[in-house]
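Asker: First the structure, which I've put down as C-alpha cells, then a few questions once you've had a look.
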Amino acid sequence: NEEEEADRIVGLPGQPKVSFQQFSGYVTVNHHVGRALFYWLTEAAHDPLSQPLVVWLNGGPGCSSVAYGASEEIGPFRINKSASGLYLNKFSWNSVANLLFLETPAGVGFSYSNRSSDLFDTGDGRTARDSLQFLIRWLDRFPRYKGREVYLTGESYAGHYVPQLAKAILTYNSQSKHPINLKGIMVGNAVTDNYYDNLGTVTYWWSHAMISDKTYRQLINTCDFRRQKNSDQCESLYSYAMDKEFGNIDQYNIYAPPCN
Amino acid sequence: CTEKYAEVYYNRPDVQKALHANITRIPYKWTACSEVLNRNWNDTDISVLPIYRDMIAAGLRIWVFSGDVDSVVPVTATRYSLAQLKLATKIPWYPWYTKKQVGGWTEVYEGLTFATVRGAGHEVPLFKPREALQLFKSFIQGKPLPKS
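Here is the structure:
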C-alpha cells in the first residue's frame, strides 16, 4: 500500500533503535475546505497483528496528543531535556497495543485547515465528525486494521471527544456494511458534566484545604454551575481563589513542584 | 516542564521531515496547545452523561479513571458526575495493587468501571506510569484491577 509506505517512519532524530513499526502523516477529512488531521502510529512491540488498536486523544480543547499522550504519557518515547533526542519509556502502552495518536481537531499541533476561519468556529460537533472521517479513511489506508478491536482512550477535555466519537462510530456502524469494531472507551480526569464537575472541583479544593471556608461558600452561592459561561462575579471568585488562595502550585498535580 | 521539550523537538525541521509533518508549511509554530482554538471553542456539550447511557446500552466496555492529586478535573468532580448514572454495584469498592502497593481504589458497576490512581495528577501516565500501564492492561483484558 503506497500511502502506508509513504507514511512509514524510518527513524526519528535521536531515536533509540526499536523493533516496532511506526507510521505518521495526514488524512484529509474534508476535501472541500482542505482540512487534514495528523496522526502518529506506534505499533505494538510484540505481535502487532493480533493486538488491539488504541486511539489516544488529548483534550484542551486545542491540545496535542503528540505533545502529551505520545511524548510524556503512554507513548514509547520520552524527549530528553535538551530536545536533542528520545529515550525509551519502559511503561509504554505499546507493550500491549498498537497506539494511534490523533491530533484533533484541525488547528491542533500539525493538523491543519486551509480555511483559516475553521480555527475560530470549531467545537465538539465538528471534532467528532472529522475524527470519525479520519478513522474511516485511516482504516482504508491500513486495511490490516479493519475488523481489529478498537478502543478509544483519552483524558481531560477528551472526556468529551471520546464519548462523542464513540457515539458517532455507533451511528456509523448502524448504517455501514463495514462497521468499526469498537469494543470500549477509557477516559481519565475527564470533563463529563458541567454542573457536577464544577461542584466537585470546588468541593475538592475545599476538602484539600486549598481555599477558605468563605471562598468555598461564596463559590457555591454565587456561581451557577449549570451555565456554560460564568458570570463576572463568579469569574472573579475563581480568580481570587486561584491567585490569592492557591499560591504557586501546579494545579495539575497539587503536591508536585510547579514548573516555573 | 516536559512539554517545553516537545515545543523544541517538534519544531525541528528534521523531526518534522521524519514525521512527514507540516507539509503545507502551517503559518504558525507547532505548539502543545492552540490558544486560538481554545479561546474560540464554538460548541460544547453541557454533559456527556447521556452518551454514557447510550454506550452502556450498546455494551461498550467503559472505564473511567482519575488521578487523585489533580485539582483541574479532580476525582470529586468525576465521582459526582458518575453518581448521576445511578449504576448498580457489581464489585464493591476495593484497593487495587501493583508491586504490593495500593495503586488506587476501584469500584466495578454494571456497565462501567471507576478507578482512582493514588498520587497521580491530571496526566496519570506521566506521574504514575507503572500504575497507568496496569490500569490499561486490565482495561484491555476486560478484567477487574488486581486485589493484591
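Each protein sequence line maps, in turn, to chains S and V.
Just so it is clear: in the first sequence, position 225 is 264 by this note's numbering, and no numbers are missing.
Just so it is clear: in the second sequence, position 48 is 28 by this note's numbering, and no numbers are missing.
A virtual CB, placed ideally from N, CA and C, is assigned to each residue, including glycine.
The structure presented is a predicted model; accordingly, all values stated were derived computationally and were not measured.
Taking any Cβ of chain S, which residues in the stretch 46 to 60 of chain V have a Cβ under 8 Å from it, in chain order?
Answerer: Within the stretch 46 to 60 of chain V, the qualifying residues are S46, G47, V49, D50, S51, V52, V53, P54, V55, T56, A57, T58, R59 and Y60.
Asker: Consider the Cβ of S118/V: report whether some Cβ of chain S lies at a distance smaller than 7 Å.
Answerer: It does not: the Cβ of S118/V has no partner Cβ on chain S nearer than 7 Å.
Asker: Look up F264/S in the DSSP assignment and say whether it is helix, strand or coil.
Answerer: The answer is coil: DSSP assigns F264/S none of H, G, I, E or B.
Asker: With DSSP as the reference, identify every bridge partner of Q54/S, one or two as the case may be.
Answerer: Paired residues: none, contrary to the question.
Asker: Can you check whether the CB of N2/V is closer than 7 Å to the CB of F149/S?
Answerer: The answer is yes: Cβ separation under 7 Å.
Asker: Identify, in the order they occur along the chain, each residue of the same chain with its Cβ nearer than 7 Å to the Cβ of Y184/S, setting aside the five sequence neighbours on each side.
Answerer: If we look at Y184/S and ignore the five residues flanking it on each side, its Cβ neighbours are L92 and L178.
Asker: Closest by CA to L106/V, which one among S152/S, M281/S and G108/S?
Answerer: Ranking S152/S, M281/S and G108/S by Cα distance to L106/V puts G108/S first.
Asker: In the stretch 33 to 107 of chain V, which residue ranges form an unbroken beta strand (DSSP E) of at least 3 residues, counting only runs that do not cross its ends?
Answerer: The stretch 33 to 107 of chain V contains these whole beta strand (DSSP E) runs: 41 to 47, 69 to 78, 81 to 89 and 92 to 97.
Asker: Closest Cβ-Cβ distance between E87/V and chain S: below 7 Å?
Answerer: For E87/V, the answer is no, since every Cβ of chain S falls outside 7 Å of its Cβ.
Asker: Would you kindly work out how many angstroms separate the C-alpha atoms of A83/S and E188/S, rounded to a whole number?
Answerer: Spanning the two alpha carbons is a distance of roughly 14 Å.
Asker: Give every residue of the same chain whose Cβ lies closer than 6 Å to the Cβ of G53/S, excluding the five residues on either side of it in the sequence, and list them in chain order.
Answerer: Closer than 6 Å at the Cβ level, and outside the excluded window around G53/S, lie S123, G124 and L125.
Asker: Kindly say whether R98/V, judged by its beta-carbon, lies nearer than 7 Å to any beta-carbon of chain S.
Answerer: It does not; no Cβ of chain S falls within 7 Å.
Asker: Quick one, are the C-beta atoms of L171/S and I224/S less than 7 Å apart?
Answerer: The answer is no: Cβ separation not under 7 Å.
Asker: Give a yes or no on whether the C-beta atoms belonging to G114/S and Y196/S are separated by under 7 Å.
Answerer: Contact: no.
Asker: Classify C298/S: buried if its beta carbon has 16 or more other beta carbons within 10 angstroms, exposed otherwise.
Answerer: Exposed, because fewer than 16 other Cβ atoms sit within 10 Å of the Cβ of C298/S.
Asker: Does Q111/S get closer than 7 Å to chain V when you measure Cβ to Cβ?
Answerer: Residue 111/S is actually Glu in this sequence, not Gln. It does: the Cβ of E111/S has a partner Cβ on chain V nearer than 7 Å.
Asker: What does Q214/S touch in chain V if you count any residue whose Cβ is under 8 Å from its own?
Answerer: Those within 8 Å of Q214/S in chain V number zero; the least Cβ separation is about 15 Å.
Asker: Beta-carbon within less than 8 Å of V72/S's beta-carbon, same chain only, minus the 5 sequence neighbours each way: which residues are those?
Answerer: S152, N153, R154 and D157, listed in sequence order.
Asker: Using a beta-carbon distance below 7 Å, is I6/V in contact with chain S?
Answerer: Yes, I6/V counts as interfacial toward chain S.
Asker: Which chain S residues sit within Cβ distance under 8 Å of Q64/V?
Answerer: Near Q64/V (Cβ distances below 8 Å), the residues of chain S are D232 and Y235.
Asker: For the stretch 120 to 146 of chain S, which segments carrying the beta strand (DSSP E) assignment without a break, of at least 3 residues, lie completely within its bounds, in sequence order?
Answerer: Runs of the beta strand (DSSP E) inside the stretch 120 to 146 of chain S: 125 to 127 and 137 to 142.
Asker: Could you list which residues in chain V have their beta carbon closer than 8 Å to that of G101/S, in chain order?
Answerer: What G101/S touches in chain V: C13, S14, E15, V16, L17, N18 and W21.
Asker: Less than 7 Å between the C-beta atoms of A57/V and T143/S, yes or no?
Answerer: No, these two residues do not count as a Cβ contact at 7 Å.
Asker: Does the Cβ-Cβ distance between V82/V and P75/V come in under 7 Å?
Answerer: Contact flag set, yes.
Asker: In or out: E11/S buried (at least 16 other Cβ within 10 Å) or exposed?
Answerer: Any property of residue 11/S remains undetermined from this structure, which presents chain S solely from 40 to 299.
Asker: Using a cut-off of 8 Å between C-beta atoms, extract the partners of P124/V located in chain S.
Answerer: Residues of chain S passing the Cβ test: none, with the nearest at roughly 14 Å.
Asker: Please go through the same chain and pick out, in chain order, the residues whose beta-carbon is closer than 6 Å to the beta-carbon of G101/V, but skip the five residues on each side of it.
Answerer: So the qualifying residues of the chain are G47, V49, D50 and F107.
Asker: So which residues of chain V does H199/S contact, with C-beta pairs closer than 8 Å?
Answerer: Going along chain V in sequence order, the residues near H199/S (Cβ under 8 Å) are T24, D25 and V28.
Asker: Could you spell out the range, first to last residue, of the beta strand (DSSP E) harbouring G223/S?
Answerer: Per DSSP, G223/S belongs to the beta strand (DSSP E) from L221 to G227.
Asker: Are any of the Cβ atoms in chain V nearer than 7 Å to that of T210/S?
Answerer: Output row for T210/S: interface = no.
Asker: Since I believe L139/S is in contact with Y78/S (beta carbons under 8 Å), could you give me their beta-carbon distance rounded to a whole number of angstroms?
Answerer: Going by Cβ atoms, the distance from Y78/S to L139/S rounds to 6 Å, so yes, they are a contact pair.
Asker: Using DSSP bridges, identify the partner residues of I118/S.
Answerer: In the DSSP output, where bridge partners are listed per residue, I118/S has L125/S.
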